[in-house]
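Undergrad: This structure is in structure tokens; I'll ask about it shortly.
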Amino acid sequence: MKTPGAVLLLLWLGLLVGAAESGDIDLLELKYLRSQVQDFESRLQVSEKKARDFETRLKASEDYIVNLQKRDEGVKVAFSLSLEQNEWRYSGPYNTGTTLIYKQVFLNIGNAYSPSSGYFTAPVRGVYDFSFYAYGEGNSHHMGAVLRVNKQTLVMAYGHIKEGYGDADASNGVSVLLEKGDEVDVYLPANHRVHDNNSHHSTFRGHLLFQM
């Protein structure tokens, strides 16, 4: 298919041929002009191909950026929780460990945390940041909690209340790469106890830093 530039050059060449036939221009000059026209047409075709290639690469880059923006804008994950709402309550100690269920939901963007099961389920593959705080008070007992991924211990926070009435607190946090569908919970080990009330001492929060 001829480009617009090539079409114009061919028209010009036709005019030159007509001029040569009428005697207005000699054949040597015509051959020279024809070679110049052909050379110019070749350079023009190369330039137009480079321009098309550049447009293709530019379009691909624009599409890639748009897809990244859509991906980042489309997935927002953040939650902030406390063990109890307004009740003064102890969790534990139990003979076996159990997942702590945080009843007070301050924030649950993306609905990745389940208030019924206590589990956070990663909606996408990415790097997430989690932190938790455990508080205990009362007579002598162990206080602490464990952050788990797919029921495997990741980090823990631990304290101990010695003989007599007292309190203890501990916290921990971590950034971790999760696959879509991975489950995260805060686990209360056997024979441990934590406490919460309307002051919201025992908390759990997390958010998606970025997708991978």
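Note that our numbering has the sequence shown beginning at 87, numbered continuously upward. Note that CB positions come from ideal geometry on N, CA and C, so glycine has one too.
What separation, rounded to the nearest whole angstrom, lies between the Cα atoms of V260 and N284?
TA: The alpha-carbon atoms of V260 and N284 are separated by roughly 26 Å.
Undergrad: Taking all protein chains shown into account, do 16 or more other C-beta atoms lie within 10 angstroms of the C-beta of S177, making it buried, or fewer, making it exposed?
TA: Result: buried.
Undergrad: CB-CB under 7 Å to F296, same chain, minus the five flanking residues each way: which ones, in chain order?
TA: Cβ neighbours of F296 beyond the five flanking positions: G212, V213.
Undergrad: Pick out the complete beta strand (DSSP E) segments inside the segment 221 to 275, 3 residues or longer, and give them in chain order.
TA: Segments of the beta strand (DSSP E) lying fully in the segment 221 to 275: 227 to 235, 238 to 247, 252 to 264, 269 to 274.
Undergrad: With the cut-off set at 8 Å, would you say G230 and H293 are in Cβ contact?
TA: Contact flag unset, no.
Undergrad: Would you identify the three-state DSSP class for F177, choosing helix, strand or coil?
TA: This sequence places Ser at residue 177; Phe is not what is there. In the structure shown, S177 sits in a strand (DSSP, three-state: E or B).
Undergrad: Which residues in the same chain as K266 place their Cβ atom closer than 8 Å to its Cβ, once the five residues preceding and following it in sequence are excluded?
TA: So the qualifying residues of the chain are A208, P209, V210, R211.
Undergrad: When the Cα of T185 is compared with those of F192, P201, Q171, W174, which residue comes out closest?
TA: Per the Cα distances, P201.
Undergrad: Please state if the CB of I247 and the CB of D255 are separated by a distance shorter than 8 Å.
TA: Cβ distance not < 8 Å, so D255 and I247 don't count as in contact.
Undergrad: In the DSSP output, what is N194 paired with across the bridge?
TA: DSSP lists F165 as partners of N194.
Undergrad: Closest to M242 by C-alpha separation, out of N236, P275, A164, would be which residue?
TA: Residue P275 is the option with its Cα nearest to M242.
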